[in-house]
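Read the structure below first, then the notes.
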Amino acid sequence: DQVNYSCAYDAVFTPLYNLWQDHGPRWTDRLNELGDYAAELAIGFESFRGNTGTFERARDIVRSQLHKEHPDLFPTGAVVTALDDLTLKIFGSTDWGTSTKKCTKCDVVYEEQSGFCGSQTLTVNSKLRARYGRDYGVSQWLSAQKIARVNQSCPRCGGGLTVFTVLDETPPCFYLSIVDETINFDLNLNLQVNGAKQLYGLRGVIYAKNEHFTSRVIKPDGRVWYHDGIETGSVAVEEGLL
1 DQVNYSCAYD
11 AVFTPLYNLW
21 QDHGPRWTDR
31 LNELGDYAAE
41 LAIGFESFRG
51 NTGTFERARD
61 IVRSQLHKEH
71 PDLFPTGAVV
81 TALDDLTLKI
91 FGSTDWGTST
101 KKCTKCDVVY
111 EEQSGFCGSQ
121 TLTVNSKLRA
131 RYGRDYGVSQ
141 WLSAQKIARV
151 NQSCPRCGGG
161 LTVFTVLDET
171 PPCFYLSIVD
181 ETINFDLNLN
191 LQVNGAKQLY
201 GLRGVIYAKN
211 EHFTSRVIKP
221 DGRVWYHDGI
231 ETGSVAVEEG
241 LL
């Protein structure tokens with residue numbers, strides 16, 4: 001409303017609630033894997049389903065917790081919350097893989113750290129765009145992140161250094177912020193987790209315009225629902241099949 005802006009939270013939490021709702025109680029455990037804020041959200045979802053709470057109450061509890069711990073990032077009142085800050089706290093508390101910087105010539109490892117954050121930003125990549133042309137999509141961008149050359153040379157042999165990122169665990173879900181408006185959306189993505197393919201489907205899309213956020217929810221049967229806290233209020237409107 002005009003007193004307390006909540007559209008960023010509604011836009012993120014609405015697809016998450018539908019994902020949780022479609023998969024049943026086991027998804028409470030999956031949300032717990034994302035981190036404390038998502039776990040608190042799952043508790044609110046349980047209350048909503050049991051008629052002992054509301055979606056808005058679940059949202060406001062998490063929002064209050066975020067504001068208490070990070071008041072500069074998550075203000076109250078008629079102030080817009082940055083979507084990427086919110087999704088980083090909800091999806092990005094856990095890294096699901098390992099990134100290793102090594103020399104491709106002598107195989108010396110120089111750095112190893114956590115990799116594949118659950119909240120990522122797909123930046124503009126002109127080289128990938130030129131390589132794939134009209135076929136350039138999210139899957140190509142993600143594949144390119146698995147093997148990324150860096151502008152550094154190996155002190156030992158002078159060879160080039162490359163960062164290799166592998167997934168060690170299976171993320172229950174993840175968020176991708178699309179900066180490149182020309183990139184193609186993939187309805188399904190295959191990720192390699194410990195050498196095995198893991199299929200992910202597109203279940204929600206969030207839109208930003210004029211400091212306002214809305215979302216679309218994609219159900220397992222392909223039905224699409226639209227939610228806008230201003231226009232549709234506390235309900236989503238069915239739009240048809242994807």
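Residue numbers (full-length UniProt numbering): 1 to 242. Glycine included, every Cβ here is placed at the ideal spot set by N, Cα and C. All of these numbers come straight from a predicted model, not from anything done at the bench.
- Here K89 is buried: its Cβ has 16 or more other Cβ atoms, across all protein chains shown, within 10 Å.
- Sorting D29, S126, L66 by C-alpha distance to the C-alpha of Q140 places S126 at the top.
- Looking from the CA of L83, the closest CA among C173, Y200, A11, C103 belongs to A11.
- Under the 10 Å beta carbon count, Q120 is surrounded by 16 or more other beta carbons and is classified as buried.
- K68 sits in a helix when the DSSP states are folded into three classes.
- Between the stretch 175–194 and the stretch 136–150, the count of C-beta pairs closer than 8 angstroms reaches three or more; the two stretches touch.
- Contact check for G115 against G97 passes: the beta carbons are separated by less than 7 angstroms.
- The beta carbon of T54 sits closer than 7 angstroms to the beta carbons of F48 from its chain, once the five residues preceding and following it are set aside; these are given in chain order.
- The C-beta separation of Q198 from L187 comes to about 15 angstroms, leaving the pair out of contact by the 8 angstroms criterion.
- Using a Cβ distance threshold of 7 angstroms, L167 and V193 count as a contacting pair.
- The beta carbon of A8 lies closer than 6 angstroms to those of T81, L83, L86, F213 in the same chain, with the five residues before and after it left out.
- Judged by beta-carbon spacing, P15 lies beyond the 7 angstroms limit of G201, meaning their Cβ atoms are not closer than that value.
- Listed as beta-bridge partners of S99 by DSSP are Q113, T165.
- Proximity of the stretch 65–82 to the stretch 13–30 falls short of the contact definition, fewer than three beta-carbon pairs being nearer than 8 angstroms.
- Between the beta-carbon of T28 and that of S99 there is about 30 angstroms, and that puts the pair past the 8 angstroms contact cut.
- E239: member of the beta strand (DSSP E) spanning 237–241, first to last residue.
- Judged by DSSP in its simplified three-state form, A208 adopts strand.
- Out of Y207, V109, F13, R131, the CA that lies nearest to the CA of C157 is found in V109.
- In this structure, the beta-carbon distance from Y5 to A58 does not fall below 7 angstroms.
- Ranked by how close their Cα comes to the Cα of V224, the residues L241, N210, E211, D22 have L241 in first place.
- Around the beta carbon of V235, fewer than 16 other beta carbons sit within 10 angstroms, so the residue counts as exposed.
- Around the CB of A130, fewer than 16 other CB atoms lie within 10 Å, so the residue is classed as exposed.
- Using a Cβ distance threshold of 7 angstroms, C103 and L161 count as a contacting pair.
- The beta carbons of F45 and G118 sit about 18 angstroms from each other, so the pair does not count as a contact at 8 angstroms.
- DSSP places N32 inside the alpha helix (DSSP H), whose first and last residues are 26–34.
- A82 sits in coil when the DSSP states are folded into three classes, being neither helix nor strand.
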